[in-house]
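Below is one structure, written out as structure tokens; the observations come after it.
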Amino acid sequence: MIAPALFSLLAAASVGASPVARQAEDGLHVRAVAAGKQYFGSATDNGELSDAPYVAILSNTSDFGQITPGNSQKWDTIEPSRGTFNFARGDVIADLAEQNGQLLRCHTLVWHSQLPSWVTNGGFDNATLIDILVNHVTQTVTHYKGRCHHWDVVNEPLNEDGTYRASVFYNTIGPAYIPIAFAAAAAADPDAKLYLNDYNFEYGGAKAAGAIEIVKLIQAYGAKIDGVGLQGHLIVGSTPSQSAQTTVLNNFVNLGVEVAYTELDIRTTTPATAAAVTQQAKDYAATVGACNAVAECVGVTIWDYTDKYSWIPSVFQGQGAALPWDENLAKKPEVYNAILNAFN
């Protein structure tokens, strides 16, 4: 833990030739913008960018007006050893977004996972780890200054019961690591929108309440927070209703921040039945519809757009089929149209 006064002091302290982005008359991003949102977007990862048909769809700005690097801006990739930074992988995706005229939503600065061992096992004291955290955030945000429209500053800091997740940062610094990270990010790029990001906020309850307390903590320290990201890793048939999700969104908005769905996918048992796909379409409509209903919900990002590159099957055995495009890069008409129409 550090005192607010000390915190204030510390806070001061290529893809090659990319495909030409194309835009049809209608699509998910076009429909989102027409509804007053900033974007509909997709995550991607470097290993997928050698798949030309995949990249062609990703570069279609009718559907995708924003790209999020799934892994290439995480700590273990960017700063694998102390003070040694490598932005090459993140730059590839940033360049692709820029060449396509798409927004870049950046992910993520401070997370308990995908940390290099020198951070997790370094045995640093409070002051040293604060210096390390501030330097990492400062160097990373400065490198991408003017390119990242949004930053997930702190990712997944909460347990399901709304308490702080144990991590090297929380265990050493205490809750103050969160406002310290936000202050450092704001100092490095005052124009970027800074987000707290986590999963299962969509269900309300203790975890969403914990996030409200974190927003208040950041604000109490005088640090800047612009938004709360709801990851949206949901399950077919147990996705909260549109009205329930709208209530959750408004609870955050009432704190003076914007909101967004940042990693949306809705998984089912595989192979997906026709009934499951129909329910999945309804669940996507409920979630996107909640964003559509709240003016301060600025956009929706799906966690990659195709089942071909989804993370779900490798983590949840026997589950998948979570995205609007199938493994063959074909749209699932029922799901796609449900999202499209949810922006009406």
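Start counting the sequence shown at 410; every next residue gets the next number (the numbering used here).
Even for Gly, the Cβ is constructed at its ideal location relative to N, Cα and C.
Discussion item. My output table needs one value for P478: the three-state DSSP class, helix, strand or coil.
Written reply: By 1-based counting over the sequence shown, the position of residue 478 is 69. Of the three classes helix, strand and coil, the one that applies to P478 here is strand, per DSSP.
Do you know how far the Cα of A444 is from the Cα of S459? For the purposes of this step, residue 459 is taken as the residue at position 50 of the sequence shown. For the purposes of this step, residue 444 is taken as the residue at position 35 of the sequence shown. Using only the alpha carbons, I get a separation of about 33 angstroms.
key: Length of the line joining the Cα atoms of P462 and L639   = Your numbering for residue 462 matches position 53 in the sequence shown. Your numbering for residue 639 matches position 230 in the sequence shown. Their backbone Cα atoms lie some 29 angstroms apart in a straight line.
Member of A617, D454, G631 and Y608 whose CA lies at the smallest distance from the CA of A585: Within the sequence shown, the letter at position 176 stands for residue 585. It is G631.
_Within a Cβ cutoff of 6 angstroms, which residues of the same chain sit near P722, ignoring the five residues on either side of it in sequence?_
Within the sequence shown, numbered from 1, the residue matching residue 722 stands at position 313. Excluding sequence neighbours, P722 sits near G729.
- request: For the segment 658 to 720, list the alpha helix (DSSP H) runs that are entirely contained and at least 4 residues long, ordered along the chain.
  value: 683 to 702
> So, is R676 buried or exposed, given that buried needs 16 or more other C-beta atoms within 10 angstroms?
Replying inline: Your numbering for residue 676 matches position 267 in the sequence shown. Buried, because 16 or more other Cβ atoms sit within 10 Å of the Cβ of R676.
Beta strand (DSSP E) segment containing S451, residue limits = Counted from its first residue, the sequence shown places residue 451 at position 42. First-last of the beta strand (DSSP E) with S451: Y448 to T453.
Q. Does the distance from the C-beta atom of A561 to that of P525 stay below 8 angstroms?
A. Reading the sequence shown from its first residue, position 152 is the one you call residue 561. Reading the sequence shown from its first residue, position 116 is the one you call residue 525. Position check: residue 561 holds Asp in this sequence, whereas Ala was assumed. Taking 8 angstroms as the cut-off, the beta carbon of D561 is found no closer than this to the beta carbon of P525.
Check whether I644 and Y693 have beta carbons under 8 angstroms apart | The sequence position of residue 644 within the sequence shown is 235, counting from 1. The sequence position of residue 693 within the sequence shown is 284, counting from 1. Not in contact: I644 and Y693 (Cβ atoms no closer than 8 angstroms).
Self-check item: Bridge partners - I644, DSSP secondary structure assignment
Solution: Taking the first residue of the sequence shown as 1, we reach residue 644 at position 235. BP columns for I644 point to R676.
So what does DSSP say about A574, is it helix, strand or coil? Residue 574 sits at position 165 when you count from the first residue of the sequence shown. In the sequence under discussion, the amino acid at residue 574 is Arg, which differs from the Ala named in the question. If DSSP states are grouped into helix, strand and coil, R574 belongs with coil.
query: Taking all protein chains shown into account, do 16 or more other C-beta atoms lie within 10 angstroms of the C-beta of S719, making it buried, or fewer, making it exposed?
result: Here residue 719 refers to the residue found at position 310 when the sequence shown is read from its first residue. By the neighbour-count rule (16 or more Cβ atoms within 10 Å), S719 is buried.
Practice task
Would you identify the three-state DSSP class for L524, choosing helix, strand or coil?
Solution key: As a first step, residue 524 is located in the sequence shown; it is residue number 115 there, counting from the start. Annotated three-state conformation of L524 is coil, per DSSP.
* To do: Give me the Cα-Cα distance between K554 and K602, rounded to the nearest whole angstrom.
  => Mapped onto the sequence shown, residue 554 falls at position 145. Mapped onto the sequence shown, residue 602 falls at position 193. Rounded to the nearest angstrom, the two C-alpha atoms are 11 angstroms apart.
Query raised in the report: Is the CB-CB distance between G571 and K616 below 8 angstroms?
Result: Start at 1 with the first residue of the sequence shown, and residue 571 comes out as number 162. Start at 1 with the first residue of the sequence shown, and residue 616 comes out as number 207. Against a cut-off of 8 angstroms, the Cβ pair of K616 and G571 comes out as a contact.
Exposed or buried, R491, counting other C-beta atoms within 10 Å across all chains shown (16 or more means buried)? Along the sequence shown, read from residue 1 onward, the residue named residue 491 stands at position 82. Under this definition R491 is an exposed residue.
Checklist line | Between the CA atoms of D504 and I541 - distance to the nearest angstrom | finding: The residue labelled residue 541 in the question sits at position 132 within the sequence shown. The residue labelled residue 504 in the question sits at position 95 within the sequence shown. Distance between the alpha carbons of I541 and D504: 28 angstroms.
Check whether the segment 673 to 692 touches the segment 473 to 488, counting contact only when three or more Cβ pairs, one atom from each stretch, lie closer than 8 angstroms.
-> no
**Message:** Please report the straight-line C-alpha distance between L419 and S481, rounded to a whole angstrom.
**Reply:** Residue mapping note: residue 419 aligns to position 10 of the sequence shown, counting from 1. Residue mapping note: residue 481 aligns to position 72 of the sequence shown, counting from 1. Annotation note: pLDDT 42 at L419 (below 50); position unreliable, coordinate value reported separately. Rounded to whole angstroms, L419 to S481 spans 27 angstroms at the Cα level.
Q) When burial is assigned at 16 or more other CB atoms within 10 Å of the CB, is V724 buried or exposed? A) Position 315 of the sequence shown, counting from 1, holds the residue named residue 724. Classification for V724: exposed.
Hey, how far is the Cα of E434 from the Cα of E705? As a working mapping, residue 434 is identified with position 25 in the sequence shown. As a working mapping, residue 705 is identified with position 296 in the sequence shown. Approximately 26 angstroms between the Cα atoms of the pair.
Own chain residues within Cβ distance below 6 angstroms of T551, not counting five before or after: Counted from its first residue, the sequence shown places residue 551 at position 142. So the list reads A597, once near-sequence residues are dropped.
ask   = Is the beta carbon of V657 less than 8 angstroms from the beta carbon of G636?
value = Here residue 657 corresponds to residue number 248 of the sequence shown, with the count starting at 1. Here residue 636 corresponds to residue number 227 of the sequence shown, with the count starting at 1. Contact check for V657 against G636 fails: the beta carbons are separated by 8 angstroms or more.
Worksheet item: So, using beta-carbon positions, are Y714 and S451 closer together than 8 angstroms?
Response: Walking along the sequence shown from the start, residue 714 turns up at place 305. Walking along the sequence shown from the start, residue 451 turns up at place 42. Closer than 8 angstroms, so yes.
Could you check how far apart the C-beta atoms of H545 and R514 are, in whole angstroms? I think they sit under 8 angstroms.
As a first step, residue 545 is located in the sequence shown; it is residue number 136 there, counting from the start. As a first step, residue 514 is located in the sequence shown; it is residue number 105 there, counting from the start. Rounded, the Cβ-Cβ distance is 19 angstroms, inconsistent with contact.
inquiry  = Is the beta carbon of I466 closer than 8 angstroms to that of L538?
reply    = As a first step, residue 538 is located in the sequence shown; it is residue number 129 there, counting from the start. As a first step, residue 466 is located in the sequence shown; it is residue number 57 there, counting from the start. No, the pair does not count as a contact, with Cβ atoms beyond the cut-off.
(Q) Just to confirm before moving on: does the CB-CB distance between G641 and Y670 stay below 8 angstroms? (A) Within the sequence shown, the letter at position 232 stands for residue 641. Within the sequence shown, the letter at position 261 stands for residue 670. Going by C-beta atoms, G641 is nearer than 8 angstroms to Y670.
Note to self: Using a 10 Å radius around the Cβ and a threshold of 16 neighbouring Cβ atoms, would you call D607 buried or exposed?
What the structure shows: Counting from 1 along the sequence shown, the entry for residue 607 is found at position 198. Buried, since its Cβ has 16 or more Cβ neighbours within 10 Å.
Quiz item: Looking at C-alpha atoms only, which residue of A695, F661, S652 and I587 is the closest neighbour of V519?
Solution: For the purposes of this step, residue 519 is taken as the residue at position 110 of the sequence shown. With distances taken between Cα atoms, V519 lies closest to I587.
Using a 10 Å radius around the Cβ and a threshold of 16 neighbouring Cβ atoms, would you call K625 buried or exposed? In the sequence shown, residue 625 corresponds to position 216, counting from 1. K625 is classed as exposed because its beta carbon has fewer than 16 other beta carbons within 10 Å across all chains shown.
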